[in-house]
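Each position in the sequence shown, counted from 1, maps to that position plus 720 in the numbering used here.
All C-beta atoms in this analysis are idealised placements derived from N, C-alpha and C, irrespective of residue type, glycine included.
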Amino acid sequence: MITDQFGKKWYKGNLHTHSTNSDGRLSPEEVIKLYREEGYDFLALTDHWFMGEERQEENFLLLSGAEYDVGNNVRDGIYHVVGIGMQKEPKLEKGPELQEKQAQMMIDRIHEAGGIAILAHPAWSMNRASEVRLLKDLDGCEIYNTTSGVPWNCRPYSGIILDELAAQGYVLPCMAADDAHQYTGDETKSYLMVQADELSRDAILEAIAQGRFYASQGPRFWIEKKDNSLIVHSTPVKEIVFFTDAVWSDDRATVGECVEEAVYEIQPHETFVRVELKDAVGNRAWSNFYLTGKAVL
């Protein structure tokens, strides 16, 4: 847990990982031990079609979780939905329904069970924005998924899909997760920093629902809005980049050996802004979307 300059508490956690309960290499207890030793405050074991347990320990929170999927080829559509914080088993089973219908059922049943629903690795799944728009009431989407990257796989980054959706008015909170399976470097890499009053299931889920989090691999930052400007304050990085639905901007990127602040003037026709940072060793961080006149973060 980190306390910021305003006295607010920030908790570090991973909401997508696997164990021997499905296709992960480590046992549940080995995974928990690994993340605890790396300074994580909360974790969810999200094995495929297997709901991991929830428990509260001293200075550590294990959230219930599972990953559900539908579809076998990208032509018809593949959806992976991670459920977090369910209080009971969602009434779900693989069925013959259309992929979109089955995916929507996953989201609805996760909510009925008291959890939140996150779309996993849309770039890896080759989801198109037109497909994702069919899904209602998602609580977030992975902008980065560690194990989808080299050397384990490909297409870990889904920013362009999230930007296309936002440009069409479908704004999803941006999350990062490991989705660790091999534990050969795909673990303890990409995570959420959640601003909550305490480390408990209700507090963490409420903070996520309210957008009080950012995704990171290392850089820490905070953003303030003054009039039409967004000002990013960060730990030392090499890049701070503003992504918007404007094709051209004079001040989109701030680059240097030790960048700790960047300012972006929101253009009148822009409907969203989000921020990405990269430090000297290549670790990145991602904000949620800022909308015209309203901060989502």
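Beta-carbon gap between residue i and residue j smaller than 7 Å
i: residue 835; j: residue 804; result: yes
i: residue 740; j: residue 747; result: yes
i: residue 849; j: residue 881; result: yes
i: residue 935; j: residue 894; result: yes
i: residue 915; j: residue 730; result: yes
i: residue 983; j: residue 943; result: no
i: residue 802; j: residue 813; result: no
i: residue 806; j: residue 833; result: yes
i: residue 732; j: residue 760; result: yes
i: residue 884; j: residue 797; result: no
i: residue 897; j: residue 734; result: yes
i: residue 808; j: residue 829; result: no
i: residue 865; j: residue 899; result: yes
Helix, strand or coil at residue i according to DSSP, with G and I counted as helix
i: residue 824; result: helix
i: residue 919; result: coil
i: residue 997; result: strand
i: residue 982; result: strand
i: residue 1011; result: strand
i: residue 735; result: coil
i: residue 966; result: coil
i: residue 950; result: strand
i: residue 884; result: helix
i: residue 1016; result: Interpretation of residue 1016 is limited by its pLDDT of 41, a score under 50 that renders its predicted location unreliable; the figure taken from the coordinates is listed afterwards. Three-state DSSP puts residue 1016 in coil, outside helix and strand.
i: residue 892; result: coil
i: residue 959; result: strand
i: residue 944; result: strand
i: residue 926; result: helix
Nearest-angstrom Cβ-Cβ length linking residue i and residue j, presumed shorter than 8 Å
i: residue 960; j: residue 954; result: 7 Å
i: residue 921; j: residue 781; result: 7 Å
i: residue 965; j: residue 887; result: 4 Å
i: residue 962; j: residue 1001; result: Actually they do not touch by this definition, with Cβ atoms about 22 Å apart.
i: residue 937; j: residue 958; result: At roughly 13 Å, the Cβ-Cβ gap does not stay under 8 Å, so residue 937 and residue 958 are not in contact.
i: residue 919; j: residue 721; result: 7 Å
i: residue 901; j: residue 743; result: 6 Å
Close-in-space but distant-in-sequence residues of the same chain around residue i (CB under 8 Å, 5 per side omitted)
i: residue 874; result: 844, 868
i: residue 855; result: 799, 820, 823, 824, 827, 839
i: residue 939; result: 954, 955, 957, 997, 998, 999, 1003, 1004, 1005
i: residue 754; result: 746, 903, 907, 908
i: residue 792; result: 798
i: residue 990; result: 964, 965, 966, 1012
i: residue 980; result: 953, 954, 955, 956, 957
Chain-order list of residues whose beta-carbon lies under 6 Å from that of residue i (same chain, five-residue window excluded)
i: residue 691; result: Past the boundaries of the shown model lies residue 691; the chain is included only from 721 to 1017, so the question cannot be answered.
i: residue 891; result: 1009
i: residue 878; result: 842, 843, 863
i: residue 776; result: none
i: residue 778; result: none
Cut-off 7 Å between Cβ atoms - residues of its own chain near residue i, not counting five sequence neighbours on either side
i: residue 925; result: 805, 836
i: residue 815; result: 822
i: residue 752; result: 763, 782
i: residue 985; result: 948, 949, 971
i: residue 774; result: 782, 783, 784, 921
i: residue 794; result: 846
i: residue 872; result: 902, 906
i: residue 756; result: 780
Residue ranges of each beta strand (DSSP E) run of no fewer than 3 residues wholly in the stretch 824-880, ordered along the chain?
-> Secondary structure remark: continuous beta strand (DSSP E) runs of at least 3 residues inside the stretch 824-880, in chain order: 836-839, 860-865.
Contained alpha helix (DSSP H) runs [length at least 4] in the stretch 746-813, N- to C-terminal order | The stretch 746-813 is shown to contain whole alpha helix (DSSP H) runs of 4 or more residues at 748-757, in chain order.
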